[in-house]
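See below for the structure under consideration.
Number of protein chains: 2
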Amino acid sequence: MFSKSTEYALRAIIYLAQKSSVEHKIGITELAQAIDSPKSFTAKILQNLTRGNNLINSVTGPTGGFYLTDQAKKKSLLNVLTLLEDEGIITGCILGLKECSEKNPCPMHSEYKQIKPQLLDMLDQKTIAELASEMKDPRIVIHNIGKKKV
Amino acid sequence: MFSKSTEYALRAIIYLAQKSSVEHKIGITELAQAIDSPKSFTAKILQNLTRGNNLINSVTGPTGGFYLTDQAKKKSLLNVLTLLEDEGIITGCILGLKECSEKNPCPMHSEYKQIKPQLLDMLDQKTIAELASEMKDPRIVIHNIGKKKV
DNA sequence: CCTATTAAAGACAAATATATCTTTAATATT
DNA sequence: AATATTAAAGATATATTTGTCTTTAATAGG
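If you want it as structure tokens, here you go:
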């Protein structure tokens with residue numbers, strides 16, 4: 046559904062929403078372990094989200110790390126997807142046509158048109174803080190379970 | 046949503062459902078033009094779908110080409126996706142977790158769970174023959190419009 | 001049988017996505 | 001000021017996807 050980059054970004058942000066604050070920043074080592082993602086690659090992804098768009102903040106040096114402000118925690122996954130420029134599910138055509146619209150629809154257009162707003166709702170309804178708070182239930186996780194690294 | 050390979054395959058199959066039969070086969074040149082896809086790459090994709098799974102048939106030599114049997118035309122896009130092994134939207138987790146289930150759900154699981162069956166329905170309800178027949182309406186297309194090849 | 005036409009097969013190339021490693025800059029602590 | 005710690009930046013490596021090209025095999029028609 047999404048690229049690895051996007052998946053890691055979403056998981057990282059949910060983790061940061063849950064664990065970080067201005068007072069308590071999270072290092073990339075802890076973060077990557079917590080969401081079960083490749084560390085350096087995840088660092089790159091987060092870097093992109095600290096520049097320009099005020100989604101993720103970071104501070105170098107001891108006690109430094111990544112964190113979300115309360116404002117950032119109020120954003121939705123859809124907001125994040127927009128910043129990641131990975132909105133294909135929302136804007137794209139099932140069959141990959143560049144210009145699939147009411148005027149020139151693909152054969153699946155009318156069907157997908159009914160599902161798209163639900164996907165959009167799903168991604169837009171909850172703030173990442175709300176998603177993170179679901180993780181108080183220990184069954185709900187954002188890492189791969191039962192797979193140990195060698 | 047899908048890979049290019051999958052998109053080309055779906056478009057090709059819809060075109061073949063519309064235009065081909067045992068009596069009238071379609072050459073790769075016509076097909077690739079009709080669905081606006083790279084010719085050789087599309088040929089590869091179709092080759093994979095002629096082997097084993099009886100979805101697409103082909104014949105070499107003059108008057109040869111690709112075609113669908115009436116039986117094949119009765120399959121759904123979901124059937125095709127299964128043959129293409131590109132069912133991620135159906136089976137996968139939004140956040141990319143390997144084991145996202147009722148027992149260990151991701152924070153988006155309960156939300157996506159409600160949309161997944163609708164996506165599945167969308168892909169399973171219509172036969173590709175039915176999708177193809179929608180194209181009697183000239184507004185409905187499976188090629189990129191207004192983009193001319195150099 | 002010969003030729004033209006078509007897909008099959010396989011080698012190759014280019015682009016993109018994913019991942020790692022090293023060096024640099026910032027900063028907290030001493 | 002010196003040191004340790006952390007992310008930033010950049011170079012590089014690997015894998016996968018996408019795309020092209022050439023050669024081979026099959027087959028229809030003369």
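Chains A and B, in that order, are what the protein sequence lines are. Throughout the first sequence, residue numbering follows my numbering, covering 46 to 195 in sequence. Throughout the second sequence, residue numbering follows my numbering, covering 46 to 195 in sequence. For glycine and all other residues, C-beta sits at the position ideal for the given N, C-alpha and C. All figures in this text were calculated on a predicted structure; none of them were measured in a lab.
- Of the residues A:Ser66, A:Gln78, A:Phe47, the one whose Cα lies closest to the Cα of A:Asn189 is A:Gln78.
- Listed along chain A, no residue sits closer than 9 Å to B:Gln78 by beta-carbon distance, the nearest being about 15 Å off.
- With a contact defined as Cβ atoms closer than 8 Å, B:Ile135 and A:Ile160 miss out at about 13 Å.
- Shown here, A:Asn98 sits in coil according to DSSP, grouped into three states, outside any helix or strand.
- Around the beta carbon of A:His69, a 10 Å sphere encloses fewer than 16 other beta carbons of the protein chains shown; the residue is thus reported as exposed.
- The beta carbon of B:Asn189 sits closer than 8 Å to some beta carbon of chain A.
- Take the alpha-carbon of B:Pro83 and the one of B:Ile139: they are about 30 Å apart.
- DSSP places A:Gly110 outside any alpha helix (DSSP H); the residue lies instead in the beta strand (DSSP E), whose first and last residues are 110-112.
- About 19 Å separates the beta carbons of B:Ser121 and B:Lys64, which is beyond the 8 Å limit, so they are not a contact pair.
- Between A:Ile173 and A:Lys118 a beta carbon distance of about 6 Å is seen, short of the 8 Å cut, so the two are scored as contacting.
- For B:Glu179, the closest alpha carbon among the candidates A:Lys158, A:Leu164, A:Cys151, A:Asp115 is that of A:Cys151.
- The Cβ atoms of A:Leu168 and A:Leu123 lie closer than 8 Å to each other.
- Rounded to whole angstroms, the gap between the alpha carbons of A:Thr95 and B:Phe86 is 39 Å.
- Secondary structure of A:Ser146 (DSSP, three-state): coil.
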